[in-house]
Amino acid sequence: MAPVAAPAPPDPGGAPVASTRIVDDTDTEPGPGGPDRPERPAPSAGSPAGVLGGGLAALFGLLIGMRRIYDNSFLTHLATGRIILDERAVPTTDPYSFTATGRPWVVQSWFASLIYGAVDQLGGFGALRVLNGLLVAAIGVLVWWLTARSPSLVVRVGVTTAVLVLGTEVLSGRPLLFGVIGLALVMLAADGRLDPRWLVPVGWVWVNTHGSFPFALVLLGVLAVGTRLDTGRWGREPRVARWAVAGLLLGAVNPLGLRLLTFASALLSNREAFATIREWRAPTYDGWHQYGIVALLALAVLALVRRPNWRDGLVVAVFGALAMTSARNGVVLIVLLAPVLAGGAPRRGPDVAAVRSPLLRPALAMVPVLAVAFTVASLQSPHTNLTPYPVDALEWMEEQGLLDEGSRVVAPDYVGNFREVRDGPRADVFYDDRVDMYPIEVVRDFVELNEGGPGWPGILERHEATAVLWKADSPLGGALERDPGWEIVHRDAQWVVAVPRIAR
7 MAPVAAPAPP DPGGAPVAST RIVDDTDTEP GPGGPDRPER PAPSAGSPAG VLGGGLAALF
67 GLLIGMRRIY DNSFLTHLAT GRIILDERAV PTTDPYSFTA TGRPWVVQSW FASLIYGAVD
127 QLGGFGALRV LNGLLVAAIG VLVWWLTARS PSLVVRVGVT TAVLVLGTEV LSGRPLLFGV
187 IGLALVMLAA DGRLDPRWLV PVGWVWVNTH GSFPFALVLL GVLAVGTRLD TGRWGREPRV
247 ARWAVAGLLL GAVNPLGLRL LTFASALLSN REAFATIREW RAPTYDGWHQ YGIVALLALA
307 VLALVRRPNW RDGLVVAVFG ALAMTSARNG VVLIVLLAPV LAGGAPRRGP DVAAVRSPLL
367 RPALAMVPVL AVAFTVASLQ SPHTNLTPYP VDALEWMEEQ GLLDEGSRVV APDYVGNFRE
427 VRDGPRADVF YDDRVDMYPI EVVRDFVELN EGGPGWPGIL ERHEATAVLW KADSPLGGAL
487 ERDPGWEIVH RDAQWVVAVP RIAR
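Residue numbers (my numbering): 7 to 510.
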């Protein structure tokens, strides 16, 4: 039978869909989770409760994202954005360290850095907090849309709240936020709730803001195999994947070219270096949120027991394994669990589309008012939390000339990040958290210093250290105090500054 033009199905709770699509009246493409599950639940397009749910999720996300800036990785991204704006070019060699000067550097998140630098020029750290707040607000809305597999208001609110509560710990202000948004949009397209053509611009932005873009292909591959196992035929995922691949390939149109697309493969060859970064290792379960992620994973398994299907089961298995082997993948997992949990949960309470109350529209009108009020109130507080950093010690060192040109100050990686945003390229740091860029010998030297290993004196001598800035209660801090070749010249509550005695 000839295909006919059909209007897009109603938008569940405000989720975006294509304006029209071409379908055949024999089309029986299964919905998410298998052939026995509807492509979309009962319509709730534009319903006050659905729109209010998305608005409240956005407000919750705004609260999370507008926290004071503290993340050390973000600081280097910001410093790099300033360089891009000043030099009108993306750095291709290391501009920050004396241990890797001139070494090739692929600025994987160059576009995110450019955005940070531009926003910083417009409004400083306050504007950057607003940007982070808006990004996490967008994630909040996307999580709400992902729960639209369930028509139940109780289920959708419960799942969205659970994901965002965990997000208070894992959604830090860094380019990863762009990656989370991209992943959620891919999932929406795979579920038939977003025109897959949108994945072309999404793919370009994702490639140029964060190196997690291969997850798009992993997710679509897993979903495609799951649908095949559930139904015996391919679903919509291959079609979605074609648009996603087009977007990722378009990402090669950038100042760095194909290097951004091949960068992910370089990570595999630098596993020793990345193993030194805590978030790249398996979770240590020293924080409540890590137990929360496991609990959410367990609930997803229960949802699969209640309504078994390969499509969701493979997502839980593959991305659950990734999260259990690398803590940084926890945020990826919880976002992808949202539709699994919503689709597998028993229907409880009223449907979103069925909720009617004269208070809904006034409540919805209050959401932007509350957002503006919270933003204004938040901006009255300090924009940064620099408690982890040796602010006073660095000021003292600068006064004493210990940070002058030609100095070689050895400090922990996160102090290197802080100095880069504080001093720019003239910081000339020993090390920071860009482990993919440093020679592996420098990475090993940092590990030895951080552990206060027996080789630390030789490492400092080999790197011609003019000063060491380290935590006082660390193994190296204690070793510096005991060693006759080093003199402690400054001490505060957390940090010590040591210089070679010969230099005095």
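Beta carbons: idealized from backbone N, C-alpha and C, even for Gly.
Reducing DSSP to helix, strand and coil, say where residue i ends up.
| i | result |
| --- | --- |
| residue 110 | strand |
| residue 411 | coil |
| residue 83 | helix |
| residue 471 | coil |
| residue 3 | Any property of residue 3 remains undetermined from this structure, which presents the chain solely from 7 to 510. |
| residue 30 | Unreliable placement is indicated for residue 30, whose pLDDT of 29 sits below 50; the coordinate value is still reported in the next sentence. Note: residue 30 maps to coil in three-state DSSP. |
| residue 240 | coil |
| residue 439 | coil |
| residue 283 | coil |
| residue 53 | coil |
| residue 381 | helix |
| residue 201 | coil |
| residue 100 | coil |
| residue 361 | coil |
| residue 259 | coil |
| residue 155 | helix |
Are any of the Cβ atoms in chain B nearer than 9 Å to that of residue i?
| i | result |
| --- | --- |
| residue 274 | The structure shown contains no chain B; it holds only a single protein chain. |
As a quick exercise: from the options, pick the residue whose alpha carbon is nearest that of residue i.
| i | options | result |
| --- | --- | --- |
| residue 106 | 446, 497, 464 | 446 |
| residue 140 | 201, 207, 65 | 65 |
| residue 183 | 159, 217, 359 | 217 |
| residue 101 | 470, 440, 476 | 440 |
| residue 262 | 200, 415, 54, 90 | 90 |
| residue 521 | 507, 339, 334, 146 | The question about residue 521 has no answer, for the chain in this structure spans 7 to 510. |
| residue 73 | 127, 174, 258 | 174 |
| residue 207 | 130, 251, 160 | 251 |
| residue 470 | 453, 95, 505 | 505 |
| residue 170 | 337, 238, 198 | 337 |
| residue 79 | 285, 110, 267 | 285 |
| residue 269 | 87, 366, 189, 443 | 443 |
| residue 222 | 498, 253, 159 | 253 |
| residue 98 | 266, 352, 434 | 266 |
| residue 347 | 365, 322, 466 | 322 |
| residue 325 | 195, 306, 432, 94 | 306 |
| residue 158 | 485, 352, 500 | 352 |
| residue 88 | 431, 476, 467 | 431 |
| residue 345 | 76, 75, 189 | 189 |
| residue 211 | 409, 185, 230 | 185 |
| residue 349 | 160, 476, 328 | 160 |
| residue 333 | 419, 176, 243 | 176 |
Within 10 angstroms of its Cβ, does residue i collect 16 or more other Cβ (buried), or is it exposed?
| i | result |
| --- | --- |
| residue 92 | exposed |
| residue 491 | exposed |
| residue 297 | exposed |
| residue 292 | exposed |
| residue 128 | exposed |
| residue 142 | buried |
| residue 34 | With a pLDDT of 37 at residue 34, under the threshold of 50, the modelled position of this residue cannot be trusted, and the question is left open. |
| residue 29 | Any reading at residue 29 is ruled out, since the residue's pLDDT is 31, under 50, leaving its predicted position unreliable. |
| residue 121 | buried |
| residue 294 | exposed |
| residue 233 | buried |
For the alpha helix (DSSP H) that contains residue i, what are its first and last residues?
| i | result |
| --- | --- |
| residue 234 | 220-237 |
| residue 171 | 159-176 |
| residue 457 | Residue 457 -> no alpha helix (DSSP H), and no H or E assigned at all. |
| residue 122 | 116-152 |
| residue 488 | 481-488 |
| residue 429 | 419-429 |
| residue 296 | 294-312 |
| residue 74 | Unbroken run through residue 74: none, as it is neither H nor E. |
| residue 352 | Neither: residue 352 is in no alpha helix (DSSP H) and is coded neither H nor E. |
| residue 265 | 265-274 |
Along the chain, where does the beta strand (DSSP E) containing residue i start, and where does it finish?
| i | result |
| --- | --- |
| residue 496 | 492-497 |
| residue 506 | 501-506 |
Just to confirm, does residue i get its C-beta within under 8 Å of one of the non-hydrogen atoms of the ligand HEM?
| i | result |
| --- | --- |
| residue 495 | This structure simply doesn't include the ligand HEM, nor any ligand for that matter. |
**Asked** At a cut of 8 Å, does the region 134-153 reach the region 479-490 through at least three beta carbon pairs?
**Response** Contact fails: fewer than three Cβ-Cβ distances are below 8 Å.
**Prompt:** Is the region 260-276 close to the region 104-120, with three or more CB pairs under 8 Å?
**Reply:** Taking 8 Å as the limit for Cβ pairs, the verdict is that the region 104-120 does touch the region 260-276.
**Asked** Is there contact here, the region 129-136 with the region 458-466, by at least three beta-carbon pairs under 8 Å?
**Response** Between the region 129-136 and the region 458-466, the count of C-beta pairs closer than 8 Å stays below three; the two stretches do not touch.
**Request:** Determine, using beta-carbon pairs with one atom in the region 341-361 and one in the region 55-62, whether at least three such pairs fall under 8 Å.
**Result:** Enough Cβ pairs lie closer than 8 Å, so yes.
**Request:** Determine, using beta-carbon pairs with one atom in the region 225-245 and one in the region 273-288, whether at least three such pairs fall under 8 Å.
**Result:** Touching, no.
**Request:** Take every Cβ of the region 393-402, pair it with every Cβ of the region 370-377, and state whether three or more of those distances are shorter than 8 Å.
**Result:** No: fewer than three Cβ pairs fall under 8 Å.
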